[in-house]
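There are 2 protein chains.
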Amino acid sequence: MSLLVVGSVAFDSVKTPFGEAEEVLGGSATYFSVAASFFTPISLVAVVGEDFPQKEIDFLKSRKIDTDGLERAKGKTFRWKGEYGFQLNEAKTLDTQLNVLQTFWPKLPEKYKNIDIVFLGNIDPDLQREVLQQVAKPKLVALDTMNFWISSKKNSLIKTLGLVDILIINDGEARQLSDETNLVKAARKIQAMGPKTLIIKRGEYGALLFSKKNIFHAPAYPLENVFDPTGAGDSFAGGFMGYLAKTRKFDDANIRRAIIMGSVLASYNVEDFSLRRFRKLKYPEITKRFKAFKTLTHFDTV
Amino acid sequence: MSLLVVGSVAFDSVKTPFGEAEEVLGGSATYFSVAASFFTPISLVAVVGEDFPQKEIDFLKSRKIDTDGLERAKGKTFRWKGEYGFQLNEAKTLDTQLNVLQTFWPKLPEKYKNIDIVFLGNIDPDLQREVLQQVAKPKLVALDTMNFWISSKKNSLIKTLGLVDILIINDGEARQLSDETNLVKAARKIQAMGPKTLIIKRGEYGALLFSKKNIFHAPAYPLENVFDPTGAGDSFAGGFMGYLAKTRKFDDANIRRAIIMGSVLASYNVEDFSLRRFRKLKYPEITKRFKAFKTLTHFDTV
Numbered sequence: 004m005s006l007l008v009v010g011s012v013a014f015d016s017v018k019t020p021f022g023e024a025e026e027v028l029g030g031s032a033t034y035f036s037v038a039a040s041f042f043t044p045i046s047l048v049a050v051v052g053e054d055f056p057q058k059e060i061d062f063l064k065s066r067k068i069d070t071d072g073l074e075r076a077k078g079k080t081f082r083w084k085g086e087y088g089f090q091l092n093e094a095k096t097l098d099t100q101l102n103v104l105q106t107f108w109p110k111l112p113e114k115y116k117n118i119d120i121v122f123l124g125n126i127d128p129d130l131q132r133e134v135l136q137q138v139a140k141p142k143l144v145a146l147d148t149m150n151f152w153i154s155s156k157k158n159s160l161i162k163t164l165g166l167v168d169i170l171i172i173n174d175g176e177a178r179q180l181s182d183e184t185n186l187v188k189a190a191r192k193i194q195a196m197g198p199k200t201l202i203i204k205r206g207e208y209g210a211l212l213f214s215k216k217n218i219f220h221a222p223a224y225p226l227e228n229v230f231d232p233t234g235a236g237d238s239f240a241g242g243f244m245g246y247l248a249k250t251r252k253f254d255d256a257n258i259r260r261a262i263i264m265g266s267v268l269a270s271y272n273v274e275d276f277s278l279r280r281f282r283k284l285k286y287p288e289i290t291k292r293f294k295a296f297k298t299l300t301h302f303d304t305v
Numbered sequence: 004m005s006l007l008v009v010g011s012v013a014f015d016s017v018k019t020p021f022g023e024a025e026e027v028l029g030g031s032a033t034y035f036s037v038a039a040s041f042f043t044p045i046s047l048v049a050v051v052g053e054d055f056p057q058k059e060i061d062f063l064k065s066r067k068i069d070t071d072g073l074e075r076a077k078g079k080t081f082r083w084k085g086e087y088g089f090q091l092n093e094a095k096t097l098d099t100q101l102n103v104l105q106t107f108w109p110k111l112p113e114k115y116k117n118i119d120i121v122f123l124g125n126i127d128p129d130l131q132r133e134v135l136q137q138v139a140k141p142k143l144v145a146l147d148t149m150n151f152w153i154s155s156k157k158n159s160l161i162k163t164l165g166l167v168d169i170l171i172i173n174d175g176e177a178r179q180l181s182d183e184t185n186l187v188k189a190a191r192k193i194q195a196m197g198p199k200t201l202i203i204k205r206g207e208y209g210a211l212l213f214s215k216k217n218i219f220h221a222p223a224y225p226l227e228n229v230f231d232p233t234g235a236g237d238s239f240a241g242g243f244m245g246y247l248a249k250t251r252k253f254d255d256a257n258i259r260r261a262i263i264m265g266s267v268l269a270s271y272n273v274e275d276f277s278l279r280r281f282r283k284l285k286y287p288e289i290t291k292r293f294k295a296f297k298t299l300t301h302f303d304t305v
């Protein structure tokens, strides 16, 4: 069964202390789709401009990503330009050109409408609901958002949150959304808004899962060389949702494993610029690092 | 078998967004000793002034802490005053009065000299070596230090590091000591200075263990109410070393468990000001939270 994702496809220009990349493939839905494609077929809903090259569409197709929902609109593809300091923890946005994203109105191809696992990537919460209304019987809906929507469209976002099962945001966004400094208190408040499952990403410090019953902590993989953190959060979400779509079990134990899979994909993604690491990543490497996460976190109780 | 600790005993005045405490019992060796005392008898080497009340000495004694090495010197006890913001991650030091610490020269009582597990708390690295020379046959030596000694006495510190098995520092100190931003690279450099086992504390983000073979990550316990982080690092070290002294196994599996025990003690300590939480803490609570750490980190590989 396929996994539906809506989000952005972009060209990024990124500079880190370890190098730079100009006009390379990026965007939240791109990172998400390619990460998830290691586990399951993907149905992509997004928009690109007339300048988007066929070879990148061919690349997506080669990853079993259905691009029938990838609209080609008049104008230029969305562009983002950013820079990271030595800490690599937060990008400084230098330039954003929305271009075709400005008038994007997601329309699902007929064949997508029976997909029951949906990831609403970081777009306008009105559009997220719009996508959801086009899906017949969603079984599992997860959502990502960002500080921009929390501050500019909080009411619409809260309305959307009432419709989702899983929310994936970072710690700053969780604090902003809940008006609570303490993350445990923040999580309780956010869960009360709708999503029974909340995943709070903490960048280089990993992620926390708040479910109905308990809390799970996944560390980030300690890497000796991080080249570019762009797309780490989207790769995490892709690995996480891809694994859930493949295994189709949504209990606590499987969600924990899915979070580790998300962390594995994120850890590979940051090893190179753009999607370069994913382009050569092989499934056995994923299995290997999943086991390394076990070594990283395991202790015996006796 | 006892565990020897040298460090500071102090009176702290602490303000956090959740309250304040004036002239309360504090100091690195105090937090360390009381945390470790849940596992093993302690032999304390430190100095207090004429103003140090008998009731606090009685408290330490009640915790099976041998105070024969606690020197009472002419003058006042060391005092520290600090304040925390809402993030609770770093104290702003408002005042430090070294008092009797200024002329402290650790002298071990004869009966301490055969103790074989030693924790050199955060004092002048010259004095740390001085203590070590008074111990006949140390089997396991761990050390704590701080930014002040790394910048002002780096050569002496490196000399001391050559004599220890385990170094426990925070991430900022690890970066400062190694001149490396990346923690994995920093760890390799520091391990090459002597300590085969390195524990890097990351406050609310937990701790990383770098051993010869692999890396272990322990999260901090997600608490709904943190009142005062003062002494968290020392309580961590105390729980860690206390458990090692009790179990007397220094292999990777036991060091991992010891790190979780350290995290348990740190998590309780921050629930109240000064050592208040420890004064009423019972051993079954420690066992209970140790299990909670398992729930927090466990995932099945299949």
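Protein sequence lines correspond, in order, to chains A and B. Going by our numbering, the first sequence opens with residue 4, and the numbers climb by one from there. Going by our numbering, the second sequence opens with residue 4, and the numbers climb by one from there. Think of the CB as a built atom: it goes at the ideal place given N, C-alpha and C, for glycine as much as any other residue.
Output yes if chain D places a C-beta closer than 9 Å to the C-beta of residue i; else output no.
i: P128 (chain A); result: No chain D appears in the structure shown, which is made up of the protein chains A and B.
CB residue i to CB residue j, shorter than 9 Å?
i: A189 (chain B); j: R205 (chain B); result: no
i: L3 (chain B); j: S65 (chain B); result: Since the first residue of chain B shown is 4 and the last is 305, residue 3 (chain B) is not available in this structure.
i: H220 (chain B); j: T304 (chain A); result: no
i: G242 (chain A); j: L226 (chain A); result: no
i: E113 (chain A); j: L97 (chain A); result: no
i: D182 (chain B); j: K84 (chain B); result: no
i: F62 (chain A); j: R282 (chain A); result: yes
Closest to residue i by C-alpha separation, out of the options, would be which residue?
i: D129 (chain B); options: B:D69, B:D98 and B:I153; result: B:I153
i: G313 (chain B); options: B:V17, B:A139, B:V27 and B:G78; result: One cannot answer for residue 313 (chain B) here, as it falls past the ends of chain B, which runs 4 to 305.
i: E26 (chain A); options: A:A38, A:E59, A:L7 and A:S36; result: A:E59
i: Q57 (chain B); options: B:L28, B:V9, B:Y34 and B:P44; result: B:L28
i: T250 (chain A); options: A:V9, A:S11 and A:F42; result: A:F42
i: E288 (chain A); options: A:N185, A:Y271, A:D275 and A:T304; result: A:Y271
i: N173 (chain B); options: B:L146, B:N102 and B:L166; result: B:L146
i: V50 (chain B); options: B:K199, B:K297, B:Y246 and B:L111; result: B:L111
i: Q105 (chain A); options: A:K95, A:F302, A:D231 and A:I126; result: A:I126
i: F21 (chain B); options: B:G241, B:E183 and B:N228; result: B:N228
i: T19 (chain A); options: A:I68, A:V12 and A:Q90; result: A:Q90
i: V12 (chain A); options: A:K67, A:Q100 and A:T96; result: A:Q100
i: F276 (chain B); options: B:G10, B:V8 and B:G30; result: B:G30
i: P109 (chain A); options: A:A94, A:G72 and A:D231; result: A:G72
i: L166 (chain B); options: B:A256, B:E176 and B:M196; result: B:M196
i: N102 (chain B); options: B:K216, B:D119, B:R82 and B:V121; result: B:R82
i: A240 (chain B); options: B:G52, B:V121 and B:K142; result: B:V121
i: F253 (chain B); options: B:T148, B:E274, B:I202 and B:K142; result: B:K142
i: D168 (chain B); options: B:I193, B:V37 and B:N185; result: B:I193
i: A261 (chain A); options: A:A38, A:D69 and A:E113; result: A:A38
Find the residues of chain A that neighbour residue i, judging by a C-beta separation of less than 9 Å, and give them in chain order.
i: R259 (chain B); result: H301, F302 and D303
i: P232 (chain B); result: Within chain A, no residue comes near P232 (chain B); the closest Cβ sits about 13 Å away, beyond 9 Å.
i: K307 (chain B); result: This structure leaves residue 307 (chain B) out entirely; chain B is present only between 4 and 305.
Please list the partners that residue i has in chain A, where partner means a Cβ-to-Cβ separation under 8 Å.
i: K79 (chain B); result: The premise fails here: K79 (chain B) is roughly 36 Å from chain A at the closest Cβ pair, so nothing lies under 8 Å.
i: Y271 (chain B); result: Here the premise fails: no neighbours, minimum Cβ distance about 16 Å.
i: I171 (chain B); result: Near I171 (chain B) there are no residues of chain A at all, since even the closest Cβ is about 17 Å away, more than 8 Å.
Please compile the residues from chain A whose C-beta is within a distance smaller than 7 Å of the C-beta of residue i.
i: I218 (chain B); result: P225 and L299
i: L211 (chain B); result: P225
i: I68 (chain B); result: The premise fails here: I68 (chain B) is roughly 28 Å from chain A at the closest Cβ pair, so nothing lies under 7 Å.
Opposite residue i in the DSSP bridges: which residues?
i: L212 (chain B); result: B:I202 and B:F219
i: T96 (chain A); result: A:G85
i: T19 (chain B); result: B:G22
i: N173 (chain A); result: A:K204
i: A13 (chain B); result: B:G29 and B:F81
i: F122 (chain B); result: B:V8 and B:A145
Can you list the residues of chain B that residue i reaches, using a CB-CB cut of under 7 Å?
i: K18 (chain A); result: Going along chain B, no residue has its Cβ under 7 Å from K18 (chain A), so there is no contact; the nearest lies around 16 Å.
i: N185 (chain A); result: E227
i: K188 (chain A); result: E227
i: A256 (chain A); result: D303
Taking only three categories from DSSP, how would you classify residue i?
i: A145 (chain A); result: strand
i: S36 (chain A); result: helix
i: R75 (chain B); result: strand
i: V187 (chain A); result: helix
i: L111 (chain B); result: coil
i: A256 (chain B); result: helix
i: L164 (chain A); result: helix
i: D61 (chain B); result: helix
i: D129 (chain A); result: helix
i: A49 (chain A); result: strand
Just to make sure I have the definition right: I need the residues of chain B whose C-beta is within less than 8 Å of the C-beta of residue i. Which are they?
i: F89 (chain A); result: T184
i: P222 (chain A); result: G209, H220 and P222
i: I263 (chain A); result: F302
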